[in-house]
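Following: one structure in structure tokens, then a few remarks.
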Amino acid sequence: MVQEVLLRLCAGFVKTIELFLLTLAGAVPLGLIIAFGSMAKFKLLKIVVRFIVWIVRGTPLMLQLIVIYYGPGLLFHQNIWGMGTSGRFTAVMVAFIINYSCYFSEIYRGGIESISKGQYEAGQVLGLTKRQVFFKIVLLQVIKRIVPPMGNEIITLVKDTSLARVIAVYELIWAGQTFIKSDGIIWPLFMTGVFYLLFSGILTILLAKFEKKLSYFN
Amino acid sequence: MPILEVKDIHKHFGANEVLKGISFSLEKGDVLGIIGSSGGGKTTLLRCINFLERADKGTISVNGKVIFDADQHNLTVEQQRENQLNFGLVFQQFNLFPQYTVLENVELAPRLLKRYPEAEIRERSMTLIKRVGLEQKIDMYPCQLSGGQQQRVAIARALAMNPSILCFDEPTSALDPELTGEVLKVIRELAEAKMTMIVVTHEIAFARDLSDKIIFLDHGVIAEEGPAKQVVDNPQNERTKAFLSKY
Ligand SMILES: Nc1ncnc2c1ncn2[C@@H]1O[C@H](COP(=O)(O)OP(=O)(O)OP(=O)(O)O)[C@@H](O)[C@H]1O
Ligand SMILES: [Mg+2]
Chain G
7 MVQEVLLRLC
17 AGFVKTIELF
27 LLTLAGAVPL
37 GLIIAFGSMA
47 KFKLLKIVVR
57 FIVWIVRGTP
67 LMLQLIVIYY
77 GPGLLFHQNI
87 WGMGTSGRFT
97 AVMVAFIINY
107 SCYFSEIYRG
117 GIESISKGQY
127 EAGQVLGLTK
137 RQVFFKIVLL
147 QVIKRIVPPM
157 GNEIITLVKD
167 TSLARVIAVY
177 ELIWAGQTFI
187 KSDGIIWPLF
197 MTGVFYLLFS
207 GILTILLAKF
217 EKKLSYFN
Chain P
19 MPILEVKDIH
29 KHFGANEVLK
39 GISFSLEKGD
49 VLGIIGSSGG
59 GKTTLLRCIN
69 FLERADKGTI
79 SVNGKVIFDA
89 DQHNLTVEQQ
99 RENQLNFGLV
109 FQQFNLFPQY
119 TVLENVELAP
129 RLLKRYPEAE
139 IRERSMTLIK
149 RVGLEQKIDM
159 YPCQLSGGQQ
169 QRVAIARALA
179 MNPSILCFDE
189 PTSALDPELT
199 GEVLKVIREL
209 AEAKMTMIVV
219 THEIAFARDL
229 SDKIIFLDHG
239 VIAEEGPAKQ
249 VVDNPQNERT
259 KAFLSKY
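If you're matching them up, the sequences are chains G and P in order.
The first sequence finishes on residue 224 if you use my numbering, and the numbering steps up by one all the way, no holes.
The second sequence finishes on residue 265 if you use my numbering, and the numbering steps up by one all the way, no holes.
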């Protein structure tokens with residue numbers, strides 16, 4: 007029995023990690039694009055982007071999941087996500103990536119705006135191009151500043167992956183929960199907590215290491 | 019022919035006219051001191067000369083060649099950057115790059131812009147760092163240095179691009195009083211080596227000793243200018259007198 011539970015939990019955990027990694031892979035770059043949009047000189051673009059970010063950050067991810075999965079079907083009488091497990095998984099990925107890129111974009115924007123004008127000007131009077139100033143001077147300083155808040159979001163993401171359950175993606179919590187119905191035992195569900203703790207624990211250590219690596223300057 | 023000729027520079031921010039027609043010239047190897055009360059436009063003038071602000075009107079010529087003309091908008095970004103490299107600027111707040119060591123700060127721009135062959139960049143940088151007396155600190159990061167040391171690195175960094183004219187905006191104003199001396203000493207040595215410089219400063223005694231010429235900038239106009247000792251010791255303008263009497 008124990009073996010069976012562990013096997014099924016591990017399968018759920020793999021899905022959880024998949025959700026986690028794919029969300030990061032999508033939201034880290036997309037967040038940067040949204041951040042640039044939210045700082046655009048072109049006013050209309052800036053307002054539109056900030057409005058979208060406000061909506062996404064101001065509503066629960068759970069609700070966004072439901073809207074994104076069921077919304078198109080209700081509107082167009084057609085399920086654009088495709089049938090079955092893979093369709094649901096795609097919908098979850100879209101919702102997660104949109105949600106997290108909006109959060110990340112705000113962190114990026116805060117980081118970029120926190121760099122003093124003097125850094126740009128010092129680069130400019132030395133004759134550096136805008137690109138060189140951004141990539142050789144500003145970027146690492148931004149990264150250093152966003153590591154702590156990004157770390158918090160990433161740890162939150164570990165736990166948020168459990169929300170995928172609401173549209174029946176078989177992630178870790180789901181795997182634990184099935185044993186209540188089928189075998190009347192609840193400890194597998196409790197046991198999922200250990201997986202989350204281990205995962206977020208490892209991430210916390212890695213993030214702290216990275217932060218330490220960048221601590222040689224301020 | 020003067021190395022620098024600034025003609026009729028105007029600059030306003032909104033309704034606030036900060037520079038109301040500034041003209042002066044500077045001979046090669048000379049030091050120009052700029053003094054004046056707060057808000058008079060000294061920083062704005064240096065920023066216009068260094069292309070950090072665009073003047074609304076006026077021209078700037080280096081060695082007889084017009085490198086800025088407010089009426090001309092057709093310079094490419096590259097030409098502009100090339101023109102700007104006639105000048106170096108040392109900021110009040112140093113603005114060193116915190117993630118780079120002393121040596122890296124000095125080498126960054128020449129290396130990225132491939133100004134010299136690699137070996138020469140290293141050699142020149144080391145020479146400059148020695149010149150500001152920091153050869154013991156080449157591998158330190160800015161946060162490990164005192165303000166005075168940081169400002170000396172900033173001077174070496176500005177010199178690394180080999181500007182014809184080096185500008186200072188109150189280079190010692192952000193420093194503790196006991197640290198100003200080491201920075202002033204470096205600037206004085208540069209003057210002795212005949213570096214052409216423009217120095218905005220509140221250190222009147224220093225400006226008097228160092229400069230060949232002093233400009234007193236008041237509310238966006240040059241209220242008085244002349245040989246340094248004459249302006250400081252025997253000012254003619256009422257406003258200059260009032261300003262200097264505070265020192
Ligand atoms: N970017 C800006 N936008 C609007 N106003 C500005 C800007 N920069 C400077 N000013 C205004 O221009 C005037 C001159 O400022 P500036 O910094 O050139 O004076 P300063 O002579 O350097 O003074 P200080 O001795 O305090 O450094 C001030 O009234 C200032 O408020
Ligand atoms: Mg100033």
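Every residue, glycine too, gets a C-beta built ideally from N, C-alpha and C.
Think of a sphere of 7 Å around the beta carbon of G124 of chain G: the chain P residues whose beta carbon falls inside it are F109, Q111, N113, in chain order.
C-alpha of L163 of chain G to C-alpha of N105 of chain G: approximately 10 Å in a straight line.
Counting along the chain, no alpha helix (DSSP H) covers S55 of chain P, and no H or E run does either. Taken in chain order, the complete alpha helix (DSSP H) segments of 4 residues or longer contained in the segment 144-217 of chain P are 165-178, 195-210. The beta carbon of N68 of chain P sits no closer than 7 Å to any heavy atom of ligand 1. In this structure, I147 of chain P keeps its C-beta atom at 8 Å or more from the C-beta atom of V108 of chain P. When CB distances to chain P are screened at a threshold of 7 Å, the residues of the segment 210-224 of chain G falling below it are Y222, F223, N224, in chain order. Look at K219 of chain G here: in three-state DSSP terms it is helix. By the neighbour-count criterion, in which a residue is buried when 16 or more other Cβ atoms sit within 10 angstroms of its Cβ, D251 of chain P is exposed. At a C-beta separation below 9 Å, G106 of chain P has these neighbours in chain G: V131, L132. Contact check for N101 of chain P against F86 of chain P passes: the beta carbons are separated by less than 8 Å.
Between Q167 of chain P and L177 of chain P, the C-beta gap is not smaller than 8 Å, which leaves the two residues out of contact. Contacts with chain P at 8 Å (Cβ-Cβ) do not include I72 of chain G. R151 of chain G sits buried, since 16 or more C-beta atoms from the chains shown fall within 10 Å of its C-beta.
Close CB contacts of C108 of chain G within its chain, under the 8 Å cut and outside five residues either way in sequence, are with G37, I40, I58, V59, V62, R63 (chain order). In this structure, DSSP gives E243 of chain P an extended state, which the three-state scheme calls strand.
Beyond the five residues adjoining it in sequence on each side, K155 of chain P comes within less than 6 Å, by CB distance, of V120 in the same chain, given in chain order. Interface annotation, M215 of chain P: not in contact with chain G, CB-CB separation never under 8 Å.
With 5 Å as the limit, the residues whose C-beta approaches any heavy atom of ligand 1 more closely are P:F31, P:V36, P:S56, P:G57, P:G58, P:G59, P:K60, P:T61, P:T62, in sequence along the chain. The straight-line gap separating the alpha-carbon atoms of G106 of chain P and V148 of chain G is approximately 26 Å.
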